[in-house]
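Residue numbers for the sequence shown follow our numbering, beginning at 1433 and rising by one. All residues carry an ideal CB built from backbone N, CA and C; glycine is no exception. Fair warning: this is a prediction, and the values are worked out from it, not measured in the lab. Worksheet: the structure to be examined is printed underneath.
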Amino acid sequence: MKPYQPKLGIKLWAEADRPREKLLLHGRRHLTDAELIAILIGSGSRNESAVDLSKRILAEYENDLDALGKVSVKHLSKFKGIGEAKAISIIAALELGRRRKNSEATDVVNIRTSRDAFEVLLPVFADLNHEEFWILILNHANRVIGKQLVSKGGLSGTVADPKIIFKTAIEHNAAFIILAHNHPSGNLKPSVQDLSITRKLVEGGKMLELQVLDHIIVTDRAYYSFGDEGLI
1433 MKPYQPKLGI
1443 KLWAEADRPR
1453 EKLLLHGRRH
1463 LTDAELIAIL
1473 IGSGSRNESA
1483 VDLSKRILAE
1493 YENDLDALGK
1503 VSVKHLSKFK
1513 GIGEAKAISI
1523 IAALELGRRR
1533 KNSEATDVVN
1543 IRTSRDAFEV
1553 LLPVFADLNH
1563 EEFWILILNH
1573 ANRVIGKQLV
1583 SKGGLSGTVA
1593 DPKIIFKTAI
1603 EHNAAFIILA
1613 HNHPSGNLKP
1623 SVQDLSITRK
1633 LVEGGKMLEL
1643 QVLDHIIVTD
1653 RAYYSFGDEG
1663 LI
């Protein structure tokens, strides 16, 4: 039987193979996801380097950073070698990345298509395990002048109050609004409730001369547009 050979700690690696040194030498884009996470957690254990620990964590979520971004501190802390402080560091870094995407998305000047709206909304709903209902607030040039959370719900639904939606839109001097909510399940098909609330809001908007341009259902990687499907 081949004798056991303990893994070398990061400090004993060649300098080019250490994540921090590798970043300094070659730049951040040359690091793998595991190496970047290893920098966040700082150290592994006696029998496992920080990089190997990071690889083990990523493997648990099929190397999907979006899936990792949805994990709680409590769940991450179950990995041997990851305490509360390291778990918080990982989650904080992933949240910063999500917010960066969110700030980039708001640079869209005008909403011309449902895809434009989806690009603005995707960071809003990223990593959520529950449903939320939001509105995009647009001016007369179809430029996004605001995003507003209307309600939060559970895994399978949330309640959108028309009074709150129109009050919020009017307070922000909206010319148009786009409705949006997410389906954490990944199912894009609108429910009976989705269809009903959309009809109510479209009719209410007509009475207030506040046009509802679209209703977007968002999942992690795709969307459904009521407007594109001829339902508005």
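- In this model, glutamate 1467 and valine 1483 are separated by some 6 Å (Cα to Cα).
- Ranked by Cα distance from aspartate 1652, the first of Ala1499, Leu1455, Leu1463 is Ala1499.
- Ranked by Cα distance from valine 1505, the options Glu1494, Glu1527, Ala1491 are led by Glu1527.
- Boundaries of the alpha helix (DSSP H) around serine 1546: 1546-1557.
- Residue range 1576-1584 is occupied by the beta strand (DSSP E) that includes isoleucine 1577.
- The DSSP-derived three-state label of leucine 1570 is strand.
- The Cβ atoms of valine 1582 and isoleucine 1597 lie closer than 7 Å to each other.
- In the three-state DSSP reduction, alanine 1525 falls in the helix class (H, G or I).
- The shortest CA-to-CA distance from aspartate 1496 to any of Ser1481, Asp1465, Ala1517 is the one to Asp1465.
- Here proline 1594 is not near leucine 1627, since their CB atoms are 7 Å or more apart.
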